[in-house]
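Notes to accompany the following structure.
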Amino acid sequence: MSLDKSNFVCRRLVGRVAIVTGGAHGIGKAYARRLADEGAHVVIADIDGAAAETTAAALTALAGAPKALGLRVDVSSEESLADMVAKTMEAFGRIDILINNAAIFATIPMSRLPFDEIRVDEWDRMMNVNLKGSWLAVRAVAPVMKQQKSGKIINIASGTAFKGTGGRIHYVTSKAGMIGLTKSLANDLGPHNVNVNCLAPGSTLSEENATDEILQMRQKKGSTRPLSRTQLPEDLVGAMAFFCSSDSDFITGQTLVVDGGTYMH
Ligand code: NAD
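What follows is the structure in structure tokens.
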């Protein structure tokens with residue numbers, strides 16, 4: 047008997063419409079798959095438009111899954127996000143879930159350099175995509191969620207925000223900002239019955255074609271955890287689905303660290 051996890055997924059999100067920014071690769075793709083397994087229509091909003099369309103077509107082809115949509119979206123552009131909302135409304139008529147997952151990280155790589163060697167233009171681009179892009183995406187979907195009087199927003203931070211990992215100050219700062227963004231938005235959107243929560247993944251083997259060097263780096267991080275193994279994208283999808291479901295209706299402004307116990311509050 048197959049033990050494919052999707053066989054055991056409750057279909058808690060039937061009829062819901064979920065947007066996953068950066069959903070064409072890596073962990074975002076795993077979030078999209080889980081949302082489809084839960085019964086949601088998924089919009090893959092990624093700067094890699096071709097991969098977004100391929101991912102959406104693969105989700106739509108899953109047995110019993112509702113239709114998915116792939117869009118080329120740049121989260122740092124208000125115009126692009128307005129287009130994302132318009133096309134989602136045209137296709138599905140509502141927006142229930144936003145996963146703010148797009149980032150400069152692996153697919154579009156960041157430089158890993160000491161704080162005084164990172165270029166100012168790379169700092170600006172990092173903030174524009176990872177942090178400002180998340181704020182802009184919330185601004186774009188909020189009018190729809192307010193009108194519906196319901197919504198679930200999940201921001202993606204990182205365990206590095208708690209550890210303060212060196213050699214990538216622009217990335218770590220952008221991810222630390224996601225935690226403040228979450229708390230502030232939870233206050234602003236709570237009166238509209240919109241929950242805003244945050245997930246902080248640990249070091250995750252998300253690379254589609256991981257080199258030996260990357261594999262070893264991820265394995266080394268895994269070996270120091272209480273739950274001592276390499277973290278995979280599938281390790282994150284249960285927590286994401288919990289924040290999207292009615293099981294978390296009275297939880298907002300929280301950050302959940304999913305990293306096998308590397309960081310403990
Ligand atoms: P990834 O780089 O593969 O995924 C990011 C996605 O965002 C890609 O699909 C990329 O095309 C997309 N993207 C980049 N710029 C964009 C833009 N301007 N507009 C729209 N889409 C854009 O990385 P991943 O490992 O899958 O990470 C997913 C999320 O999890 C990121 O927010 C990352 O910071 C976070 N995270 C990852 C790890 C890890 O170890 N993999 C750890 C902690 C947090």
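Just add 46 to wherever you are in the sequence shown, counting from 1, and you've got our numbering. Note that the Cβ used here is the ideal one computed from N, Cα and C, for glycine as well. In this text, all values refer to a predicted model and were calculated from it rather than measured experimentally.
May I have the straight-line CA-CA distance separating Leu49 from Asp281, to the nearest angstrom? Indexing the sequence shown from 1 puts residue 49 at position 3. Indexing the sequence shown from 1 puts residue 281 at position 235. Legend: pLDDT at Leu49 = 38, less than 50; position of this residue unreliable, no value from coordinates given.
Alpha-carbon spacing of Ala98 relative to Phe208, whole angstroms: Residue numbering aside, residue 98 sits at position 52 when the sequence shown is read from its first letter. Residue numbering aside, residue 208 sits at position 162 when the sequence shown is read from its first letter. Each residue's alpha carbon lies about 31 Å from the other.
Since Val303 is in the beta strand (DSSP E), which residue starts that stretch and which ends it? What you label residue 303 is simply residue 257 of the sequence shown in a count that begins at 1. For Val303, the enclosing beta strand (DSSP E) starts and ends at 301-304.
So, are the CB atoms of Asn176 and Ser123 less than 8 Å apart? In the sequence shown, the residue the question calls residue 176 occupies position 130. In the sequence shown, the residue the question calls residue 123 occupies position 77. Contact flag unset, no.
What is the DSSP secondary structure of His216, counted as helix, strand or coil? What you label residue 216 is simply residue 170 of the sequence shown in a count that begins at 1. DSSP places His216 in helix when its eight states are reduced to three.
Would Val303 pass as an interface residue toward chain B - the criterion being a Cβ-Cβ separation below 8 Å? The structure shown contains no chain B, having only a single protein chain.
Taking only the alpha-carbon atoms, compute the straight-line gap between Leu159 and Asp83 and give it to the nearest angstrom. Position 113 of the sequence shown holds residue 159. Position 37 of the sequence shown holds residue 83. Approximately 39 Å, taken between the alpha carbons.
Run through DSSP, which three-state label would Asn255 get? In the sequence shown, counting from the first residue as 1, residue 255 sits at position 209. Residue state, collapsed to three classes: coil.
Exposed or buried, which one is Ser249 when buried takes at least 16 other CB atoms within 10 Å? Residue numbering aside, residue 249 sits at position 203 when the sequence shown is read from its first letter. Its Cβ being crowded by 16 or more others within 10 Å, Ser249 is buried.
In terms of residue numbering, what span does the beta strand (DSSP E) encompassing Cys290 cover? Against the sequence shown, residue 290 aligns to sequence position 244. Counting along the chain, Cys290 falls outside any beta strand (DSSP E), though it belongs to the alpha helix (DSSP H) covering 280-290.
Secondary structure of Phe151, DSSP reduced to three states: Indexing the sequence shown from 1 puts residue 151 at position 105. Three-state result, Phe151: strand.
Starting from the C-beta of Gly85, find all residues in its chain whose C-beta is less than 6 Å away, skip the five residues before and the five after it, and write them out in chain order. To locate residue 85, count along the sequence shown from 1; it is residue 39. Excluding residues within five positions, the ones whose Cβ falls inside 6 Å are Arg57, Leu59, Val60.
For Lys267 and Gln194, I'd like the C-alpha separation in whole angstroms. The residue given as residue 267 occupies position 221 in the sequence shown. The residue given as residue 194 occupies position 148 in the sequence shown. Cα-Cα distance, rounded: 42 Å.
Under 7 Å: does the beta carbon of Lys221 sit that close to some heavy atom of ligand 1? Within the sequence shown, numbered from 1, the residue matching residue 221 stands at position 175. At least one heavy atom of ligand 1 is nearer than 7 Å to the Cβ of Lys221, so yes.
For the beta strand (DSSP E) containing Thr67, list its first residue and its last residue. Translated into the one-based positions of the sequence shown, residue 67 becomes position 21. Its beta strand (DSSP E) spans residues 63-67.
Regarding Asn255 and ligand 1, is the C-beta to nearest heavy atom distance less than 7 Å? By 1-based counting over the sequence shown, the position of residue 255 is 209. Asn255 Cβ: outside cutoff for every heavy atom of ligand 1.
Comparing C-alpha positions only, which one of Ala107, Ala109, Gly110, Asp129 sits nearest to Leu117? Along the sequence shown, read from residue 1 onward, the residue named residue 117 stands at position 71. The shortest Cα separation from Leu117 among Ala107, Ala109, Gly110, Asp129 belongs to Asp129.
Taking 7 Å as the cut-off, is the beta-carbon of Phe25 closer than that to any non-hydrogen atom of ligand 1? This structure leaves residue 25 out entirely; the chain is present only between 47 and 311.
If you measure between the beta carbons of Gln262 and Gly306, is that distance less than 8 Å? By one-based count along the sequence shown, residue 262 stands at place 216. By one-based count along the sequence shown, residue 306 stands at place 260. No, these two residues do not count as a Cβ contact at 8 Å.
Classification of Phe151 by the beta-carbon crowding that lies within 10 angstroms, buried from 16 upward: Position 105 of the sequence shown holds residue 151. Buried.
Output needed for Thr106: all residues of its chain with C-beta closer than 6 Å, excluding positions within five of it in sequence on either side, in chain order. If you number the sequence shown from 1, residue 106 lands on position 60. Correct list, in chain order: Lys113, Ala114.
Would DSSP call Arg275 helix, strand or coil? By one-based count along the sequence shown, residue 275 stands at place 229. Of the three classes helix, strand and coil, the one that applies to Arg275 here is coil, per DSSP.
Pairwise C-alpha distance: Phe296 and Asn241: Residue 241 sits at position 195 when you count from the first residue of the sequence shown. Residue 296 sits at position 250 when you count from the first residue of the sequence shown. Their backbone Cα atoms lie some 8 Å apart in a straight line.
Around the C-beta of Gly223, are 16 or more other C-beta atoms found within 10 angstroms, so that it is buried, or is it exposed? Counting from 1 along the sequence shown, the entry for residue 223 is found at position 177. Result: buried.
Are there any heavy atoms of ligand 1 lying less than 7 Å away from the beta-carbon of Gly116, as far as the coordinates show? Translated into the one-based positions of the sequence shown, residue 116 becomes position 70. No; taking the cut-off as 7 Å, the Cβ of Gly116 has no heavy atom of ligand 1 nearer than that.
Going by DSSP, what residues sit across from Asp247 in a beta bridge? Counting from one through the sequence shown, the residue named residue 247 turns up at place 201. A small correction: the amino acid at residue 247 is Pro; Asp does not occupy that position in the sequence shown. The partner list for Pro247 (beta bridge, DSSP) reads Val304.
Among Ala287, Thr100, Arg165, which one has its Cα closest to the Cα of Gly213? The residue you call residue 213 lines up with position 167 of the sequence shown. Of the listed residues, the one whose Cα sits closest to Gly213 is Arg165.
Could you check how far apart the C-beta atoms of Ile199 and Asn146 are, in whole angstroms? I think they sit under 8 Å. Against the sequence shown, residue 199 aligns to sequence position 153. Against the sequence shown, residue 146 aligns to sequence position 100. Correct: roughly 7 Å between the Cβ atoms.
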